[in-house]
Amino acid sequence: MKKYTLLLLLFIATLNLTAQSTNEASVEGDALAFELVDMDGNVVSSENTRGKVVVLNFWFIGCKPCLEEIPEINAVYESYRDNPDVIFASIGTDSAAKITKNRTKYNIQYPVVADGRAVCQQFGVEGFPTNMVIDREGNYELNFTGGFAKIGKVIDKAIARALK
């Protein structure tokens with residue numbers, strides 16, 4: 309059931325992403341296709357995440373709990389950065405210019421997709437920060453909203469479970 313919920317959310321995401329210039333999505337046959345481009349030009353798509361664990365972080369600059377969890381997420385990202393089976397994508401709602409201005413200030417080390425309001429809506433994000441870990445089969449291993457001092461440990465454990 310979780311897998312179908314995720315597929316439905318991703319399908320909805322494809323409807324809105326096609327109108328964005330840097331983030332495109334489409335449905336091809338039975339397979340859901342999506343594509344996000346982070347601020348470093350890296351592509352996160354249905355093609356390069358298939359069979360992998362996906363970590364999504366939804367946030368914005370004016371969100372104090374979002375900013376407080378950055379060091380925790382940096383630590384988890386550093387642990388898995390060289391693991392080809394784990395893909396990170398941080399979806400910021402702010403403009404690329406605003407994120408660029410603040411990325412160094414807050415020492416954000418992980419990949420960020422800017423202007424992600426539509427993506428947040430498509431994934432059903434209702435509060436910030438929201439962190440998701442999606443397993444290799446497309447099921448949610450973690451879907452957590454709200455600030456939490458030890459979110460890094462929670463995400464790390466969810467990734468470890470999803471990799472099994």
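In short: position in the sequence shown from 1, add 308, done, that's the numbering used here.
Ideal placement from N, C-alpha and C gives every residue a C-beta, glycine not left out.
Predicted, not measured: the structure shown is a model, and the values here were computed from it.
| Check | Outcome |
| --- | --- |
| Through-space distance from GLU376 to ALA457, alpha-carbon basis | 8 Å |
| VAL521 - DSSP class collapsed to helix/strand/coil | The chain is shown from 309 up to 472; residue 521 falls before or after that span and cannot be answered. |
| Beta strand (DSSP E) segments (min. 3 residues) lying fully within the region 394 to 471 | 394 to 400, 438 to 442, 448 to 453 |
| Nearest residue (CA-CA) to LYS413, options ILE369, GLY446, VAL427, CYS428 | ILE369 |
| According to DSSP, residues forming a beta bridge with VAL345 | VAL351 |
| C-beta contact flag for PRO251 and PRO437 at 8 Å | Lying outside 309 to 472, the shown extent of the chain, residue 251 is not represented and no answer is given. |
| Beta bridge counterpart(s) of VAL384 as assigned by DSSP | The partner list for VAL384 (beta bridge, DSSP) is empty, contrary to what the question assumes. |
| Whole-angstrom distance between GLU449 and LYS461, CA atom to CA atom | 14 Å |
| Collapsed DSSP secondary structure at ASN365 in the structure displayed | strand |
| Cα-Cα separation between ASN350 and VAL361, rounded to whole angstroms | 17 Å |
| Selected residue, minimal CA-CA separation from ILE442, among ALA466, ASP423, VAL421, GLY432 | ALA466 |
| Nearest-angstrom Cα separation, counted from TRP367 out to GLU332 | Unreliable positioning characterises GLU332 in this predicted model, as indicated by a pLDDT of 33, which lies under 50. The coordinate reading is nonetheless provided below. Cα to Cα, the separation comes out at about 20 Å. |
| CB contact flag (PHE452, PRO419, <8 Å) | no |
| Three-state class that DSSP yields for GLU377 in the structure shown | coil |
| Integer Cβ distance of LEU364 from MET440, believed to fall under 8 Å | 4 Å |
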